[in-house]
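Q: To start, I am sharing the structure in question, which I have written as structure tokens.
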Amino acid sequence: MSGMVFDVVIIGSGPGGYVTAIRAAQLGLKTAIIEREFLGGICSNWGCIPTKALLRSAEIYHYLTHAKDFGLSADNASFEFGAVIKRSRAVANRMNGGVDFLLKKNKVSVIWGDAVLETAGEIIVKQSKTPAPKDALGPGSYQAKHIILATGARPRILPGLEPDKKLVWTYVEAMNPDTLPKSLLVVGSGAIGMEFASFYRTMGVAVTVVEVLPQILPVEDAEIAAVARKQFEKQGIKIISGAKVTKLDRKDNSVTATIEDGKGGGVQVVTVDRVLSAVGVTGNVEGLGLERLGAKIERGAIVTDGFGKTNVRGIYAIGDVAGPPMLAHKAEHEGVVCVEAIKGQHPHPIDKRMIPGCTYCFPQIASIGLTEQAAKERGHDIRVGRFPFAGNGKAVALGDDQGMVKTIFDKATGQLLGAHLVGPEVTELIHGFAVAMKLETTEEELMHTIFPHPTLSEALKESVLDAYGRVLNF
Amino acid sequence: MNVLMPQLGETVAEGKITKWFKSVGDVVQAGDLLFEIETDKTSMEVPAVEDGTLTDIHLQVGAVAPVGAVVAMISANGVSGTATAGSAASPSGAKTANKDPNLEAALSGYGAMPTEGPQAPSRGSLVAPSPTQGALDPFFEVRTPARNYGPARLSGGTLITPLARRLADEKGVDLGALTGSGGRGRIVAADVMAAASSAAVHRGQLVPAESKSNIVALYQDVEFEEVPLSGMRSTIARRLVDAKQTIPHFYLSADIRVDALLELRKQANDAALRTGEPAYKLSVNDLIIKGLGAALQRVPAANAVWAGDRILRFKRSDIGVAVSVDDGLFTPVIRDVDRKSPSHISFEMKELAARARAKKLLPAQYTGGVSAISNLGMYGTRQFTAIINPPHSSILAVGAVERRPTEGPHGRPVFASMMSVTLSCDHRVIDGALGARLLETLRAVLEDPIAMVV
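Protein chains in written order, with our numbering: chain R, 1 to 474; chain X, 1001 to 1454.
What follows is the structure, encoded as structure tokens:
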């Protein structure tokens, strides 16, 4: 069906791309999406969703091994690693099928292959390595009034730490290993690094994490990161921060890593079965023909305005390829704003201060807005509230009362500048603060909102009360 | 406890102390008058809400301060006068002065509790705490509707986020002048910040700063006296610029023969005189007020005002009457005109005019209304047009009663008492034909006035 003309063509069917396509179709735009590998992209297939499946297995295993704490007995709890992985893949496949269904339902055409921009209005699609699904359009030339790049990102590669798929992994291998290693070195303590560290540690693997910065989870509030670190160390994860992996010596079935203290002091050598390189991701900007069209690229990301527009007329970018934070929900919203603007509506540009971030390790971490340090650096006179889950009845009943909720307010205006959580199910709690921030509530409205008892959410309100010295249950 | 500058109306931002009834060291009881304030709309005596000793007066006579500013300090029974801010608000606290001051202050936010303390005073008549930031301590106090940064919904229906309300208060941004960029036109913080950075929308700033100095420069060689703007003058300027710019005015004039009206007035006043002690003395204006009320009842579509996204049509007719005072004017409103007798209206009008001249009108006496009357007949003005006083949808400009020649029986000229009136209409509510019908009805009512008094 070469030569077809669309209003909007989206390149990449990850969470940003397929949501953008659905929204475009809802707005009555003739829409197509180009994918070369998996519908649903990394998120459904190799990212967000399958890792949550793995972590769920780990969580249940953890409860089984701690059944006694709850007055239960589950002697000889064990697992079959292959089956855990199999479940995770089954979850991924189901989500991937879901994307296919949603695109069909919304009458979005799927074009299968590698896309290259010929001009600002024309895309050449070539045969890709992965076979096309049924009903997909094939290679050829397609016309589009608006082209939205949603090509995502891939693991960043550091010299010396090049993944080899066998001994040195990226998240893809970490999600689908042949066997469970006995020991694992995780390089990088961001969300991806800590989630896998948590998973493998719970499954009984000896885990070492190396972080180049002094603080693990570097984007999080320092106090929250410190609370999390204590928990990780209690679980037996060895954390070496302010240090660098300078050398990997790959043997037959093990790797010897040289780790240097950042201050040029101590050097330690550890030998592990596997290494996970989790030093961040970088945008997929190459091979699209962007250089030829003169699209502006900075630090591995396409430069856009608040509505996804690039400097080339008719070309837009959303999601990871348009720069950090590289989160699926940020990509989705950028896509929605982008097509609404294309349609001539007047959406607000995305406000990056209001993008929640979640890390699904044990304990969970969730945050939105400014950290305490960032708020101070921006000259805010602040009030800070803290509430420990040890003071929350539901958390105690769950047997999961470690962690805290921290809130940061502007003293003068009562604006909620940031919220930072570590502890039980906090990734399911952070949206409360996201809504509050979006609606521009101040501390007063939050203090007058009724939270249900007994729930973990009460800790949110208590933290707000604490910012004004009015905490009740601690 | 702190005595704060009270909030006297929705839009009043500051007040001027004009008199102190008490001096430092005086023992005061709840209910004793403390001081008198004047705002751009009214003046008012402010009573103490608690027993104690007046230990400090922060604002002397002549001082102007924003609503919520600390005016004075009263300490309960000789205790040092540094109690918690905001406890002044406590209507229920009046009888608990000897109790734990923290507890008392904490209770204050909940307003009057029916089981204790004196009857809650009506809003605006008592010391209301500050809407300005910093004055409220969230540890002890909570905000109630009476002590807010303003409503979450403007009269036109526009919604405002809590943060935007607070920023607007802090930055002095007039929310009514903003267009919201949020969902359904909601005003969000970004809109307020954008407005705050553009000088023209700042509260009370009528002319951009640069053009102010330009105007002064034009008259450099001329001798002049600079008259500082009073609160009232600023308000008049702002409101009328706003009214003339936003309300699509059109004007309808008519000549009304008032011989019968004058005769009726004479008979009524003569009748009152015959009782010895006259109970009333009707003016022509009293009868015009009554007549406009009757006309609005007969043309109900005109008995309505514009409310941004809808029209509010009323059952009763409330009519404002412009009263000239020394340095400006007030428009007190007579309610339910149609159901009041001319003598009742006359009595009420005298009362309101006296209060207006003394600047003692209460907010409830000058807000609302559907139409208004401006009468310059006593100055001999024959005919003029008036600017509608928002939120009204019309105003009647009344000229002098004159003997004018008209065509009499058999084509012969005769002299008749004539009065020219001009009705200004808000075209958003009243179309030309509707306005003409209202005016024609008014003419009919006033030319055959006996019907409106029986």
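Even glycine gets a Cβ: it sits at the ideal position worked out from N, Cα and C. If you're wondering where the values come from, they're calculated on a predicted model, not measured in any experiment.
Could you pull the start and end residues of the alpha helix (DSSP H) that R/N475 belongs to?
A: In the structure as shown, chain R begins at 1 and stops at 474. Residue 475 of chain R is therefore absent and cannot be evaluated.
Q: Using the beta-carbon of each residue, which ones in chain X are nearer than 8 Å to R/E440?
A: T1161, P1162, L1163, A1164, V1188, A1189
Q: What does a CB cutoff of less than 6 Å around R/D112 pick up in its chain, not counting 5 residues either side in sequence?
A: Reading the sequence as shown, one finds Trp at residue 112 of chain R and not Asp. Cβ neighbours of R/W112 beyond the five flanking positions: A132, A136.
Q: If the cut is a Cβ gap below 7 Å, which residues of chain C does R/Q415 touch?
A: No chain C appears in the structure shown, which is made up of the protein chains R and X.
Q: Out of curiosity, what's the CA-to-CA distance linking X/R1313 and X/A1301?
A: 7 Å
Q: Rounded to whole angstroms, how far is the Cβ of R/K484 from the Cβ of R/F451, which I believe are closer than 8 Å?
A: Examination of residue 484 of chain R is not possible in this model, given that chain R is present from 1 through 474 alone.
Q: Please decide whether R/H522 counts as near chain X, where near means a Cβ-Cβ distance under 8 Å.
A: Since the first and last residues shown for chain R are 1 and 474, residue 522 of chain R lies out of range.
Q: Secondary structure at R/T427, three-state DSSP: helix, strand or coil?
A: helix
Q: How about X/L1167: is its C-beta nearer than 8 Å to some C-beta of chain R?
A: yes
Q: Listing by chain order, which chain R residues have their CB less than 8 Å from the CB of X/S1197?
A: Chain R residues near X/S1197: none, gap ~16 Å exceeds 8 Å.
Q: Tell me, please, whether the CB atom of R/E332 is closer than 8 Å to any CB atom in chain X?
A: no
Q: Answer yes or no: does any C-beta atom of chain X fall closer than 8 Å to that of R/E445?
A: Taking Cβ atoms only, chain X reaches closer than 8 Å to R/E445, which makes this a yes.
Q: Going straight from the alpha carbon of X/Q1029 to that of X/L1054, what length do you get?
A: 10 Å
Q: Extract the residue ranges of the beta strand (DSSP E) inside the region 232 to 273 of chain R, only unbroken runs of 3 or more that lie entirely within it.
A: 238 to 241, 243 to 250, 255 to 261, 267 to 272
Q: Give the DSSP bridge partners of X/F1029, in chain order.
A: Note that residue 1029 of chain X is Gln in the sequence shown here, rather than Phe. X/Q1029 is not bridged to any residue.
Q: Taking contact to mean at least 3 C-beta pairs separated by less than 8 Å, is the region 320 to 330 of chain R in contact with the region 1160 to 1179 of chain X?
A: no
Q: For the region 1218 to 1226 of chain X and the region 1396 to 1407 of chain X, state whether three or more C-beta atom pairs, one from each stretch, are separated by less than 8 Å.
A: no
Q: If we ignore side chains and look at the alpha-carbon of each, how far apart do X/S1346 and X/M1044 end up?
A: 24 Å
Q: Could you name the residues of chain R that X/E1170 contacts, counting a contact when the two beta carbons are closer than 8 Å?
A: A412, T413
Q: If we cut at 8 Å on Cβ distances, does X/S1374 have a partner in chain R?
A: no
Q: Assuming X/A1048 and X/G1031 are in contact, meaning their beta carbons sit under 8 Å apart, how far apart are those beta carbons, in whole angstroms?
A: 7 Å
Q: Considering only the alpha carbon of each residue, which of X/E1038, X/E1440, X/V1445, X/L1329 lies closest to X/G1291?
A: X/V1445
Q: Only counting the same chain, and skipping five residues up and downstream in sequence, which positions put a Cβ closer than 8 Å to that of R/N253?
A: L167, D273
Q: Could you round the C-beta distance between X/G1399 and X/S1420 to whole angstroms and report it? I think they count as a contact, below 8 Å.
A: That pair is a contact at about 4 Å.
Q: Is the Cβ-Cβ distance between R/V205 and R/S183 less than 8 Å?
A: Yes, these two residues count as a Cβ contact at 8 Å.
Q: Give me the DSSP bridge partner(s) of X/Y1219.
A: Its beta-bridge partners do not exist; DSSP assigns none.
Q: Starting from the Cα of R/M175, find the closest Cα among R/A58, R/L290, R/A226 and give me that residue.
A: Ranking R/A58, R/L290, R/A226 by CA distance to the CA of R/M175 puts R/A58 first.
Q: If we call anything under 8 Å between Cβ atoms a contact, is R/L54 one with R/F199?
A: yes
Q: On the three-pair Cβ rule with 8 Å, is the region 1263 to 1281 of chain X touching the region 1339 to 1358 of chain X?
A: yes
Q: I'd like the ranges of any alpha helix (DSSP H) spanning at least 4 consecutive residues and lying wholly in the region 8 to 59 of chain R.
A: 15 to 26, 41 to 46
Q: Kindly indicate which three-state DSSP category X/K1095 falls into: helix, strand or coil?
A: Per-residue confidence for X/K1095 stands at a pLDDT of 35, beneath the threshold of 50, marking its modelled position as unreliable; the derived number appears in the next sentence. Reduced to three states, the DSSP call for X/K1095 is helix.
Q: Using only CA atoms, which one of R/K68, R/N96, R/T51, R/G47 lies nearest to R/E35?
A: R/N96
Q: DSSP puts X/F1457 in a beta bridge; with which residues?
A: This structure leaves residue 1457 of chain X out entirely; chain X is present only between 1001 and 1454.
Q: DSSP state of R/M95, grouped into three classes?
A: helix
Q: Beta-carbon within less than 8 Å of X/V1323's beta-carbon, same chain only, minus the 5 sequence neighbours each way: which residues are those?
A: So the qualifying residues of the chain are L1329, F1330, T1331, P1332, L1352, A1353, A1356, R1357.
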